[in-house]
Each structure stands twice: as C-alpha cells, then as structure tokens.
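Q: Just so you know, the sequence shown maps onto residues 111 to 185 in the numbering used here.
Positions of the beta carbon are idealized from the N, C-alpha and C atoms, including for glycine.
Being a predicted model, the structure only gives us computed values, none of them experimental.
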Amino acid sequence: MTVREFAEKYKLEVVAGNNLDAEINGVYFGDEPHDVMKMAEEGNIWLTILDGLVTVGVALLADISAVILVEGKDF
111 MTVREFAEKY KLEVVAGNNL DAEINGVYFG DEPHDVMKMA EEGNIWLTIL
161 DGLVTVGVAL LADISAVILV EGKDF
C-alpha cells in the first residue's frame, strides 16, 4: 500500500510530502528520536506525539514513508 492509498483509506490529512506513492512496509510507534533512528525500518509509517522540526528531520534520516501524529497533535 502507498502513502496516498493509506491516507485516503483512513481519511487522513496530508500536510506535507512529495512522495505519496512511497510504499509502506510496516509501522513504528515511539516518541524517542534516537529509538526511531535505531529501530524503525525504511518505509515504515511512524506514529508519534512528537511534532516539529526534529520529527521531520528524524523521519527524513530514517527514510520513514510517513509520520502520523496521534493524540490530537498537528504541525
């Protein structure tokens, strides 16, 4: 499934992104950036309460397909 398909299926708002056709291969849930860098796999969706530039930077470095902010957080 691609990021675009996932967002459409679950009615999620895409606030940024240039590769909505990236394939999703799993999910990582966590809020510690160093854990994401160490344990998330390329192509994962990252579920987190973290918002801001650190989240974006970690997602880019870890090749995360998408970040989903939970608990009412937004960018």
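1. Are Thr-158 and Leu-130 touching if we call contact CB-CB under 8 Å?
2. At the level of alpha carbons, what is the spacing between Glu-115 and Val-124?
3. Let me check understanding here. Comparing Cα to Cα, which of Ala-117, Lys-121, Trp-156 and Gly-127 lies closest to Ala-172?
4. From this set, Gly-162, Leu-170 and Val-164, which residue's C-alpha is nearest Asn-154's C-alpha?
5. For Gly-136, which residues does DSSP report across the bridge?
6. Are the beta-carbon atoms of Val-146 and Val-180 separated by less than 8 Å?
7. Between the Cα of Asp-161 and those of Glu-142, Ile-134 and Glu-133, spot the shortest distance and give me the residue it belongs to.
8. Have a look at the DSSP bridge pairing and note the partners of Thr-165.
A: On the basis of the supplied data:
1. Within the sequence shown, residue 158 is the residue found at index 48, counting from 1. Within the sequence shown, residue 130 is the residue found at index 20, counting from 1. With respect to the 8 Å criterion, Thr-158 and Leu-130 are not classified as neighbours on the basis of their beta carbons.
2. The residue given as residue 115 occupies position 5 in the sequence shown. The residue given as residue 124 occupies position 14 in the sequence shown. Between Glu-115 and Val-124, the C-alpha separation is close to 11 Å.
3. Start at 1 with the first residue of the sequence shown, and residue 172 comes out as number 62. Comparing Cα positions, the closest option is Trp-156.
4. Along the sequence shown, one-based indexing puts residue 154 at 44. For the residues Gly-162, Leu-170 and Val-164, the minimum Cα distance to Asn-154 belongs to Leu-170.
5. By 1-based counting over the sequence shown, the position of residue 136 is 26. According to DSSP, which records beta bridges pairwise, Gly-136 is partnered with Asn-154.
6. Sequence index remark: in the sequence shown, residue 146 carries index 36 (1-based). Sequence index remark: in the sequence shown, residue 180 carries index 70 (1-based). Cβ distance not < 8 Å, so Val-146 and Val-180 don't count as in contact.
7. To locate residue 161, count along the sequence shown from 1; it is residue 51. Comparing Cα positions, the closest option is Glu-142.
8. Against the sequence shown, residue 165 aligns to sequence position 55. For Thr-165, which the question treats as bridged, DSSP gives no partner whatsoever.
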